[in-house]
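Here the structure is laid out as structure tokens; the discussion comes afterwards.
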Amino acid sequence: MWKDVDEETWEDWHWQLKNRIHTLDTISKILVLTPQEEEGIKKSNGRLSMAITPYWLTLMDPNDPECPIRRQAIPLAEEFHFNNNEFVDPCAEDRDAPVNGLVHRYPDRVLLLATDQCAMYCRHCTRRRLVGEKQVHSLNSKTIDSAVDYIKSNKKIRDVLISGGDPLMLEDDELEAILKKVSDIPHVEFLRIGTRVPVTLPHRVTPALVAMLKKYAPLWVSIHFNHPKEVSKRCKLACDMLADSGIPLGSQTVLLKGINDKPYIMRKLMHELLKVRVRPYYIYQCDPVRGTAHFRTPVAVGINIIEKLRGFTSGYAVPTYVVDAPGGGGKIPVGPNYLISQDKGKHVLRNYKGKIYTYVE
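Count the sequence shown with numbering that gives the first Met the number 0 and you get residues 0 to 360, in order.
Below is the structure:
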């Protein structure tokens, strides 16, 4: 479809956004769609409607509906089947928002939702209530100022995570205006950016963007990766640019049924991340947001993945598996039980091979 597009145009992130695929007619010329996909695309209007960058489409298998890249981007009819254990706002972010666009749940850190836009809309999105408006925009200056004033008023806040949507969807000057206002607060020790853009639109990571971000060190970037196929040569280039500038990179992964719920797939992903200097950080149990039941696995699946990682690969390759407790309880680590018993300073432990050892204090 884009065989006549020259390299300079292809590398322009604005062109990638302008040429995102939104319609059934267009996507059906590229992929052999299933009836479930066709129904899902027809129904996905309004918020979280289908939007796929040309780059992301090049990673898909056009003939395999189980392609992990495709599954994350193409709506299915199952998205419109709801159950009683799903919620519009499963993590109760709206409840913990003291001002518009700011979530304050943990004592020393806040989440600033800078935009409702993403380059590509993941079908498992936990903020589907908020993201997906067609016109790209950031929070207005009044809202940003209210959030900044709140952070200024609470000196316990030392860590600000800027997310959305995806803050790298903002123009450089828009994002810098937010970074500067927040970094100028004396008790804010460091900033974080939560993004999936290096994965779905790596062309957005430009020398100008990287130079701007570098000015606000210490700044960390958490990148959403779900499958080893996402770690392409183009994605590696984007990660290299960030890492070479001294920006520490971490990963956040959502456990997804049929996509990354096998230990060997998750292990491969973690190894690929380390190769591009991204430190595995979290694996999230897929949140119980409405319309995502077909993505969720039992919690036991995530525990088993950690069991197959711990001891069998580098410690750097073992993230923390967490359940973001429904109702706003925050991230709760869940994992295999290696402590069998303890009594009067005597601890009976199990190692990764299942062998039993005793540690006496």
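Positions of the beta carbon are idealized from the N, C-alpha and C atoms, including for glycine.
Return the CA-CA distance between residue i and residue j, expressed in angstroms with no decimal places.
i: Gly-329; j: Lys-2; result: 46 Å
i: Ile-51; j: Pro-67; result: 14 Å
i: Asp-24; j: Lys-41; result: 10 Å
i: Asp-63; j: Ala-207; result: 38 Å
i: Val-98; j: Met-119; result: 27 Å
i: Arg-19; j: Leu-101; result: 29 Å
i: Ile-339; j: Lys-345; result: 11 Å
i: Val-277; j: Pro-201; result: 15 Å
i: Cys-117; j: Gly-164; result: 5 Å
i: Ile-304; j: Ile-331; result: 17 Å
i: Tyr-263; j: Gly-301; result: 12 Å
i: Lys-261; j: Leu-308; result: 11 Å
i: Thr-357; j: Asn-336; result: 15 Å
i: Pro-34; j: Ile-258; result: 20 Å
i: Asp-115; j: Val-130; result: 4 Å
i: Val-109; j: Glu-188; result: 12 Å
i: Pro-325; j: Pro-318; result: 21 Å
i: His-13; j: Val-4; result: 14 Å
i: Asp-183; j: Leu-190; result: 11 Å
i: Gln-15; j: Ala-216; result: 29 Å
i: Arg-104; j: Lys-151; result: 16 Å
i: Leu-348; j: Val-359; result: 11 Å
i: Val-230; j: Thr-57; result: 13 Å
i: Ser-244; j: Leu-218; result: 11 Å
i: Glu-77; j: Lys-232; result: 33 Å
i: Pro-74; j: Leu-32; result: 11 Å
i: Met-0; j: Ile-26; result: 10 Å
i: Leu-178; j: Glu-37; result: 41 Å
i: Trp-9; j: Thr-199; result: 14 Å
i: Glu-306; j: Gly-39; result: 35 Å
i: Trp-55; j: Asp-107; result: 36 Å
i: Val-135; j: Thr-142; result: With a pLDDT of 48 at Val-135, under the threshold of 50, the modelled position of that residue is not reliable, and the figure given next carries that caveat. One C-alpha to the other measures close to 16 Å.
i: Tyr-283; j: Asn-139; result: 31 Å
i: Ser-313; j: Cys-285; result: 25 Å
i: Glu-271; j: Lys-155; result: 37 Å
i: Thr-205; j: Lys-354; result: 50 Å
i: Arg-266; j: Leu-273; result: 11 Å
i: Ala-72; j: Asn-153; result: 39 Å
i: Lys-180; j: Arg-195; result: 23 Å
i: Leu-48; j: Lys-17; result: Correcting the residue identity first, residue 48 is Ser in this sequence and not Leu. Computed Cα separation, rounded: 15 Å.
i: Arg-169; j: Ala-176; result: Here residue 169 turns out to be Leu, not Arg, going by the sequence shown. When rounded, the distance between both Cα atoms is 11 Å.
i: Lys-256; j: Leu-268; result: 15 Å
i: Arg-126; j: Asp-11; result: 27 Å
i: Trp-92; j: Tyr-281; result: For clarity, residue 92 is Glu in the given sequence; the question names Trp instead. So the alpha carbons of these two residues sit roughly 19 Å apart.
Please confirm whether residue i and residue j have their CB atoms less than 7 Å apart.
i: Met-59; j: Arg-69; result: yes
i: Tyr-320; j: Gly-310; result: no
i: Val-253; j: His-123; result: yes
i: Val-87; j: Arg-128; result: yes
i: Pro-61; j: Leu-30; result: yes
i: Pro-166; j: Leu-174; result: yes
i: Val-159; j: Leu-212; result: no
i: Leu-316; j: Pro-279; result: At residue 316 the sequence reads Ala, which differs from the Leu that was named. Yes, these two residues count as a Cβ contact at 7 Å.
i: Asp-323; j: Cys-90; result: yes
i: Val-275; j: Lys-235; result: yes
i: Glu-6; j: Pro-287; result: no
i: Asn-82; j: Ala-242; result: no
i: Gly-327; j: Arg-157; result: no
Report buried or exposed for residue i, applying the criterion of at least 16 other Cβ atoms within 10 angstroms of its Cβ.
i: Gly-193; result: buried
i: Gln-341; result: exposed
i: Thr-22; result: exposed
i: Asn-44; result: exposed
i: Tyr-351; result: exposed
i: Lys-343; result: exposed
i: Arg-203; result: buried
i: Ser-221; result: buried
i: Gly-290; result: buried
i: Ser-162; result: buried
i: Pro-197; result: buried
i: Ala-210; result: exposed
Shorter than 7 Å from the beta carbon of residue i to some beta carbon of chain B?
i: Gly-100; result: Going by chain labels, chain B is absent from the structure shown, which holds only one protein chain.
Touching by the beta-carbon criterion (3+ pairs, under 8 Å), the stretch 238 to 252 and the stretch 287 to 297 | no
3-residue-minimum beta strand (DSSP E) runs that sit fully inside the stretch 138 to 174, ordered along the chain = 158 to 162
Complete runs of the alpha helix (DSSP H) confined to the stretch 277 to 338 [at least 4 residues] | 298 to 308
Spell out a yes or no on whether the stretch 221 to 233 and the stretch 143 to 156 are touching, meaning 3 or more CB-CB pairs, one atom from each, closer than 8 Å.
-> Contact fails: fewer than three Cβ-Cβ distances are below 8 Å.
At 3 residues or longer, and completely inside the stretch 213 to 246: list those beta strand (DSSP E) runs for me, N to C.
-> 218 to 223
Runs of alpha helix (DSSP H) wholly within the stretch 84 to 138 (minimum 4 residues, chain order) = none
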